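Enquirer: When we follow the numbering used here, the leftmost residue of the sequence shown carries the number 488, and every step to the right adds one. This is the structure I want to talk about, given as structure tokens.
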Amino acid sequence: MSLSHLAPPLSATVNAAEWAERLVILHRQLYASEEVDFDEVMTHVYAPPKGWWLADHCLVHDGTDWHLYYVTGPFEYADEWIANLRAKRYAECRKTPYEMGDAHAAGPALNQLECRGLIMQEPQAEFGTLLQGTSNIARFEDHWVNVYTTRGPEGEALALARSRDLHEWEYEPANPIWRPPDYARSGGSCKNAHIVRPPADGRYLIYYCVSLNDGTCAVGLLSTQDFAGFADHGPVFKTSKQMRGTAGTESPTVVCRNGMWHLFVAFGPGYWHAVSPRPDDFLGRAGLDMEDFWSASGAVRGSYFFGRFHCMELFEHAGQWWMTSTRKEYQRYLNRRAGILKYRGSAADEASLLPGLFLARVEWEGDRPIPVRVEPERIP
Numbered sequence: 488m489s490l491s492h493l494a495p496p497l498s499a500t501v502n503a504a505e506w507a508e509r510l511v512i513l514h515r516q517l518y519a520s521e522e523v524d525f526d527e528v529m530t531h532v533y534a535p536p537k538g539w540w541l542a543d544h545c546l547v548h549d550g551t552d553w554h555l556y557y558v559t560g561p562f563e564y565a566d567e568w569i570a571n572l573r574a575k576r577y578a579e580c581r582k583t584p585y586e587m588g589d590a591h592a593a594g595p596a597l598n599q600l601e602c603r604g605l606i607m608q609e610p611q612a613e614f615g616t617l618l619q620g621t622s623n624i625a626r627f628e629d630h631w632v633n634v635y636t637t638r639g640p641e642g643e644a645l646a647l648a649r650s651r652d653l654h655e656w657e658y659e660p661a662n663p664i665w666r667p668p669d670y671a672r673s674g675g676s677c678k679n680a681h682i683v684r685p686p687a688d689g690r691y692l693i694y695y696c697v698s699l700n701d702g703t704c705a706v707g708l709l710s711t712q713d714f715a716g717f718a719d720h721g722p723v724f725k726t727s728k729q730m731r732g733t734a735g736t737e738s739p740t741v742v743c744r745n746g747m748w749h750l751f752v753a754f755g756p757g758y759w760h761a762v763s764p765r766p767d768d769f770l771g772r773a774g775l776d777m778e779d780f781w782s783a784s785g786a787v788r789g790s791y792f793f794g795r796f797h798c799m800e801l802f803e804h805a806g807q808w809w810m811t812s813t814r815k816e817y818q819r820y821l822n823r824r825a826g827i828l829k830y831r832g833s834a835a836d837e838a839s840l841l842p843g844l845f846l847a848r849v850e851w852e853g854d855r856p857i858p859v860r861v862e863p864e865r866i867p
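Encoded structure:
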């Protein structure tokens, strides 16, 4: 699909006057504050089995237990697998057990999770021979749906699996459900889905990372009512590639709170945060005339650096907001401070994924999220 044939715009969930007022307040808050330090706010809650790593993940609560799904594999094969991938020796990648797919851990609390093994280990077809993982799971009708990333000789795509019990998964026969559209770079990113159910809307929104033909990297948006047909809303956020930290956009997480849409996306040294009155525009293409708005208020619309987090998820549970992260971007920051080179894509860099999952509570000051350390007895 081309950019000239995108789905119609989605409706705003905040009116123009309220949006303008809230944006000014948020911009002033950001001018008087800095991002938090990882070690000051994050608490370790889950370690993968010894020698295995944890990166992109999602969390599901079934009413009784938590379920954690995370891309993983044995760390000892990191350098071999990465070398084969860069040399496009895909058959050798498949034989090298590094990106094994997604592990499943479950338990009554986030600091009481136990690994239950791997899901979706065998590729459905050639498009999944290099990876089937980075699950993102939501409830749909009488079962669970999982939109995950596949990687094969032709590049990345999004695929779908279904489950009734969160343990056994069945591949959608029509997979992959989404390949990079015409405006995306061939062979570039098409990964890291994040499913959102908007308030008072029958559609599901699927945000994902995509590389564009103009050389930028972006967060794209799909919508669906039935997980059979998908409408393309195009890029909702984009940026240039970064030379420190994560090169392109990765692992978006999106929430709607009090009518305001919040996008958190990783690129460069960590996560960035952008807000919008509607779910399909974090670029400022619609709504306020930003030049007039700036002249009148001094406030601007854009994104700001949220913190040195990696593979972050932000979610609400039992009336409280939470966020998870790995330590990777913070460790990269410490390495830079010490003048230590652990180059991107090396085993030395990937080793920062071995500790596993960290958690913080999130307090809100208006529309500004503030991570704070959680007391052990309050971990959900």
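All residues carry an ideal CB built from backbone N, CA and C; glycine is no exception. None of the values given here were measured: they were computed from a predicted structure.
Would you list the one or two residues that DSSP bridges to residue 525?
Expert: Partner(s): none; residue 525 has no beta bridge.
Enquirer: Quick one: what's got a C-beta closer than 7 Å to residue 703's C-beta in the same chain, skipping five residues either side?
Expert: The beta carbon of residue 703 lies closer than 7 Å to those of 725, 726, 727 in the same chain, with the five residues before and after it left out.
Enquirer: Would you list, in sequence order, the uninterrupted alpha helix (DSSP H) runs of no fewer than 4 residues that lie entirely inside the region 493 to 572?
Expert: 503 to 518, 525 to 528
Enquirer: Quick test of your reading: residue 647 and residue 623, contact by CB under 8 Å. State the CB separation rounded to the nearest angstrom.
Expert: Rounded, the Cβ-Cβ distance is 11 Å, inconsistent with contact.
Enquirer: So if DSSP puts residue 619 in a beta bridge, which residue, or which two residues, is it bridged to?
Expert: 637
Enquirer: Which residues does DSSP list as the beta-bridge partners of residue 800?
Expert: 811
Enquirer: Per DSSP, what are the beta-bridge partners of residue 861 in this structure?
Expert: In the DSSP output, where bridge partners are listed per residue, residue 861 has none listed.
Enquirer: Excluding five sequence neighbours on each side, which residues of the same chain lie with their C-beta closer than 6 Å to the C-beta of residue 753?
Expert: 733, 737, 738
Enquirer: How about residue 700 and residue 672: do their beta carbons lie closer than 7 Å?
Expert: yes
Enquirer: Since residue 606 and residue 588 are thought to touch, with beta carbons under 8 Å apart, how far apart are those beta carbons, to the nearest angstrom?
Expert: 7 Å
Enquirer: What residues are listed by DSSP as bridge partners for residue 769?
Expert: In DSSP, residue 769 forms no bridge with anything.
Enquirer: Residue 812 and residue 735 look like a contact to me (Cβ under 8 Å); what is the Cβ gap, rounded to whole Å?
Expert: Wrong, their Cβ atoms sit about 18 Å apart, outside the cutoff.
Enquirer: Within 10 Å of its beta-carbon, does residue 730 have 16 or more other beta-carbons around it, so buried, or fewer, so exposed?
Expert: exposed
Enquirer: Going by beta-carbon coordinates alone, are residue 499 and residue 765 separated by less than 7 Å?
Expert: yes
Enquirer: Does DSSP put residue 775 in a helix, a strand or coil?
Expert: Since pLDDT at residue 775 reaches only 49, below the 50 mark, its modelled position is unreliable, and the value read off the structure follows with that caveat. Residue 775 falls in the coil class under three-state DSSP.
Enquirer: Quick test of your reading: residue 604 and residue 590, contact by CB under 8 Å. State the CB separation rounded to the nearest angstrom.
Expert: 7 Å
Enquirer: Under 6 Å from any heavy atom of the ligand MG, does the C-beta of residue 611 make it?
Expert: This structure lacks the ligand MG; in fact it carries no ligand of any kind.
Enquirer: What is the rounded straight-line gap between the Cα of residue 524 and the Cα of residue 846?
Expert: Per the coordinates, the alpha-carbon of residue 524 lies some 13 Å from the alpha-carbon of residue 846.
Enquirer: Name the two residues that bound the continuous beta strand (DSSP E) containing residue 649.
Expert: 642 to 650
Enquirer: At the level of alpha carbons, what is the spacing between residue 717 and residue 629?
Expert: 20 Å
Enquirer: Can you tell me which of the three DSSP states residue 851 falls into?
Expert: strand
Enquirer: When you compare the region 795 to 807 with the region 541 to 550, are there three or more beta-carbon pairs, one atom per stretch, that lie closer than 8 Å?
Expert: yes
Enquirer: Which residue's Cα is closest to the Cα of residue 514: 787, 768, 841?
Expert: Cα-wise, what sits closest to residue 514 is 787.
Enquirer: With a Cβ-Cβ cutoff of 7 Å, do residue 595 and residue 552 count as a contact?
Expert: Yes.
Enquirer: If we define contact as Cβ-Cβ less than 7 Å, is residue 634 a contact residue for chain B?
Expert: Protein chain content of the structure displayed is limited to a single chain, and chain B is not contained in it.
Enquirer: In terms of residues, what are the limits of the beta strand (DSSP E) holding residue 952?
Expert: The structure shown does not extend to residue 952, since the chain spans only 488 to 867, so no value can be given for it.
Enquirer: Which residues share a DSSP beta bridge with residue 696?
Expert: 678, 706
Enquirer: Starting from the Cα of residue 602, find the closest Cα among 558, 584, 698, 849 and give me that residue.
Expert: 558
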